[in-house]
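K.L.:
In my numbering, the protein residues as written are 258 to 712.
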Ligand SMILES: [Zn+2]
């Protein structure tokens, strides 16, 4: 099977140039100007379009049971939304049951993800750290799981500082990276009680119960633990200027620190909790203030924030209503996997905060490097043919209902967007044609390698 993308502008993390791109047997075969049309090749006219490496979402939660609610999106709906938006790979979180093994979690997530319409890999969330779990890390490496997550919060997931220290050291031995959800659990629980005791029970109580310092303290602590363990560290969904400052301090000490932020922290603020539909925006960490938003954009522009993931974790408004009268019972999370590329293009590239190359770097290349997918994230001969033909002229507006998520809301409803993934090639297959999903179920599991430093 051959496909020739003609007359597009190729955008890589470090260059842009006009070229044709020939795809054969799932790989990029050749990238050059004015290529002759090979026999039997499907032609895609990319004139006036950007030809970009498929985007990688570093952070999704499909088919997640939080104990009180199951996410509205499973892998079927979530992966369709992803690929329609130009995201060809998601890294979801397989989560260990505290009484179970990593192996059992991995098997369960493989089962959930079967038949997905985009490629996928799994970070492994460690819910219990002990010798048995440590020993399982070798099996995980062999199974293509080279990144882990540890939660400093949540009953059933919380791990203590010593466990994080020990796990970081074991991960380093295997070339694996650990990301942490950084918030101070014990303090925020007290603060939730305090906020409720003041009679604040609606969504506006959510950000009051987990202010910036709750994150910044945990970022600082996690990074000091990584300093002691002498390992690299990854902070997931960074939301505050204060947390960013702590990461920069760790770097100034010579530490290797990687940061992920999300579109919601770049585009929305805690003003949203004052609206009647504030529950829609209840996620952890919560939306922050204008100064945080600005600091995160500055960090991303400067290359000090390496990746942008969505933390896609969708719940319907009916599910959100479980927390009416008690904000601590609102299921945490919001959808975003479909719209991340459009949002970053519209509000990053078109405002001059990011170049097209930087967009590719933070949405694709850096994720490929950090999470051990060396044959993705670039339009170059030999790479896997995950390709987005991006139409820079498309215009639209995000609404609560007009998307492929299996969910009746979007935190970005009302946002005007420019650009869209007109066509998408997934492992060389032309799965999205003119914005329509033609080939579903074509996603593959990506067994990942050791992490590499970002660019
Ligand atoms: Zn998450």
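Beta carbons are placed, not taken as given, at the ideal position from N, Cα and C, and that holds for glycine.
Closer than 7 Å between the C-beta and any heavy atom of ligand 1: which residues qualify, listed along the chain?
P.N.:
This criterion selects 316, 318, 350, 438, 493, 494, 568 and 570.
K.L.:
Over what stretch of residues does the beta strand (DSSP E) that includes residue 647 continue unbroken?
P.N.:
One-based indexing of the chain shown puts residue 647 at position 390. 644 to 654 is the extent of the beta strand (DSSP E) around residue 647.
K.L.:
Going by DSSP in three states, residue 604 sits in which element: helix, strand or coil?
P.N.:
Residue 604 sits at position 347 when you count from the first residue of the chain shown. Helix, per DSSP.
K.L.:
Is residue 408 near residue 382, with beta carbons less than 8 Å apart?
P.N.:
On the chain shown, residue 408 is found 151 positions in, with the first residue counted as 1. On the chain shown, residue 382 is found 125 positions in, with the first residue counted as 1. Taking 8 Å as the Cβ cut-off, residue 408 and residue 382 qualify as a contacting pair.
K.L.:
Between residue 611 and residue 341, what straight-line distance do the alpha-carbon atoms span, to the nearest angstrom?
P.N.:
Position 354 of the chain shown, counting from 1, holds the residue named residue 611. Position 84 of the chain shown, counting from 1, holds the residue named residue 341. Going by the C-alpha atoms only, they are around 23 Å apart.
K.L.:
Applying the 10 Å Cβ sphere with the 16-neighbour rule, what's the burial state of residue 380?
P.N.:
Position 123 of the chain shown holds residue 380. That one is buried.
K.L.:
Cβ of residue 315 within 8 Å of Cβ of residue 628?
P.N.:
On the chain shown, position 58 is the one that residue 315 refers to. On the chain shown, position 371 is the one that residue 628 refers to. Yes, these two residues count as a Cβ contact at 8 Å.
K.L.:
Apart from the five residues on each side of it in sequence, which residues of its chain come closer than 8 Å, Cβ to Cβ, to residue 558?
P.N.:
Stepping through the chain shown from its first residue, residue 558 is reached at position 301. The answer, listed in chain order, is 610, 611 and 615.
K.L.:
Closest to residue 717 by C-alpha separation, out of 268, 492, 588 and 632, would be which residue?
P.N.:
Beyond the ends of the chain as shown, which are 258 and 712, falls residue 717; an answer cannot be given.
K.L.:
Using CA coordinates, which residue listed in 343, 406 and 513 is at the minimum distance from residue 681?
P.N.:
Residue 681 sits at position 424 when you count from the first residue of the chain shown. The option with the nearest alpha carbon to residue 681 is 343.
K.L.:
Once you ignore the five residues that flank residue 632 on each side, which residues in its own chain have a CB closer than 6 Å to its CB?
P.N.:
The residue labelled residue 632 in the question sits at position 375 within the chain shown. So the qualifying residues of the chain are 640 and 641.
K.L.:
Do residue 280 and residue 273 count as a contact pair if the criterion is CB distance below 8 Å?
P.N.:
Residue numbering aside, residue 273 sits at position 16 when the chain shown is read from its first letter. Residue numbering aside, residue 280 sits at position 23 when the chain shown is read from its first letter. Cβ atoms of residue 273 and residue 280: not closer than 8 Å.
K.L.:
Can you give me the C-alpha to C-alpha distance between residue 495 and residue 522, rounded to a whole angstrom?
P.N.:
As a first step, residue 495 must be located in the chain shown, where it is residue number 238. As a first step, residue 522 must be located in the chain shown, where it is residue number 265. Between residue 495 and residue 522, the C-alpha separation is close to 8 Å.
K.L.:
In the DSSP assignment, what residue or residues form a beta bridge with residue 269?
P.N.:
By 1-based counting over the chain shown, the position of residue 269 is 12. Paired residues: 272.
K.L.:
Please work out which residues of its chain come closer than 6 Å, Cβ to Cβ, to residue 484, disregarding the five sequence neighbours upstream and downstream, and give them in chain order.
P.N.:
Along the chain shown, read from residue 1 onward, the residue named residue 484 stands at position 227. Counting only Cβ-Cβ distances below 6 Å, and skipping sequence neighbours, we find 512.
K.L.:
Based on DSSP bridge pairs, tell me the residues matched to residue 309.
P.N.:
As a working note, residue 309 is residue 52 in the chain shown. Paired residues: 645.
K.L.:
Identify every residue that forms a DSSP beta bridge with residue 344.
P.N.:
Within the chain shown, numbered from 1, the residue matching residue 344 stands at position 87. Residue 344 pairs with 312.
K.L.:
How would you call residue 389, buried or exposed, if buried means at least 16 neighbouring beta carbons within 10 angstroms?
P.N.:
On the chain shown, position 132 is the one that residue 389 refers to. Exposed.
K.L.:
Skipping 5 residues on each side, what residues in its chain have a beta carbon closer than 8 Å to that of residue 670?
P.N.:
Counted from its first residue, the chain shown places residue 670 at position 413. 655, 656 and 657.
K.L.:
Scan the segment 494 to 518 and note each continuous beta strand (DSSP E) run of 3 residues or more that stays entirely inside, going in chain order.
P.N.:
Correct list: 514 to 518.
K.L.:
Residue 451 by DSSP, collapsed to three states: which one?
P.N.:
In the chain shown, residue 451 corresponds to position 194, counting from 1. Here residue 451 sits in helix by DSSP.
K.L.:
Which same chain residues, not among the five before or five after residue 491, have their C-beta less than 6 Å away from its C-beta?
P.N.:
What you label residue 491 is simply residue 234 of the chain shown in a count that begins at 1. Hits under 6 Å: 434, 436 and 515.
K.L.:
Mark residue 548 as exposed unless 16 or more other C-beta atoms lie within 10 angstroms of its C-beta, in which case mark it buried.
P.N.:
Reading the chain shown from its first residue, position 291 is the one you call residue 548. It counts as exposed.
K.L.:
For residue 699, which of helix, strand or coil comes out of DSSP?
P.N.:
Counting from 1 along the chain shown, the entry for residue 699 is found at position 442. In the structure shown, residue 699 sits in coil (DSSP, three-state: anything other than H, G, I, E or B).
K.L.:
Does the contact criterion of 3 or more C-beta pairs under 8 Å hold for the segment 306 to 321 versus the segment 344 to 353?
P.N.:
Contact between the segment 306 to 321 and the segment 344 to 353 is present, because at least three Cβ pairs lie under 8 Å.
K.L.:
Can you tell me the Cα-Cα spacing of residue 460 and residue 473, whole angstroms?
P.N.:
Position 203 of the chain shown, counted from the start, is the residue given in the question as residue 460. Position 216 of the chain shown, counted from the start, is the residue given in the question as residue 473. Approximately 22 Å between the Cα atoms of the pair.
K.L.:
What residue does the alpha helix (DSSP H) around residue 550 start on, and which one ends it?
P.N.:
Taking the chain shown and counting its residues from 1, the one referred to as residue 550 is at position 293. Its alpha helix (DSSP H) spans residues 547 to 558.
K.L.:
At a cut of 8 Å, does the segment 576 to 591 reach the segment 534 to 543 through at least three beta carbon pairs?
P.N.:
Because the criterion of three Cβ pairs below 8 Å is met, the segment 576 to 591 and the segment 534 to 543 touch.
K.L.:
Where does the unbroken alpha helix (DSSP H) through residue 397 begin, and where does it stop?
P.N.:
Counting from one through the chain shown, the residue named residue 397 turns up at place 140. That run of the alpha helix (DSSP H) goes 388 to 399.
K.L.:
With a CB to CB cut of under 6 Å and the five nearest residues on each side skipped, what residues in its chain are close to residue 696?
P.N.:
Numbered from 1 along the chain shown, position 439 holds the residue referred to as residue 696. Once the five neighbours on either side are set aside, the close Cβ partners of residue 696 are 686 and 688.
K.L.:
Which same chain residues, not among the five before or five after residue 634, have their C-beta less than 6 Å away from its C-beta?
P.N.:
Along the chain shown, read from residue 1 onward, the residue named residue 634 stands at position 377. Closer than 6 Å at the Cβ level, and outside the excluded window around residue 634, lie 310, 621, 622 and 625.
K.L.:
With distances taken from CA atoms, which of 690, 705 and 507 is nearest residue 303?
P.N.:
Stepping through the chain shown from its first residue, residue 303 is reached at position 46. When only C-alpha atoms are compared, the closest one is 690.
K.L.:
Report buried or exposed for residue 710, applying the criterion of at least 16 other Cβ atoms within 10 angstroms of its Cβ.
P.N.:
Translated into the one-based positions of the chain shown, residue 710 becomes position 453. That one is exposed.
K.L.:
Starting from residue 377, trace the beta strand (DSSP E) in both directions and tell me its first and last residue.
P.N.:
Position 120 of the chain shown, counted from the first residue, corresponds to residue 377. Its beta strand (DSSP E) spans residues 376 to 382.
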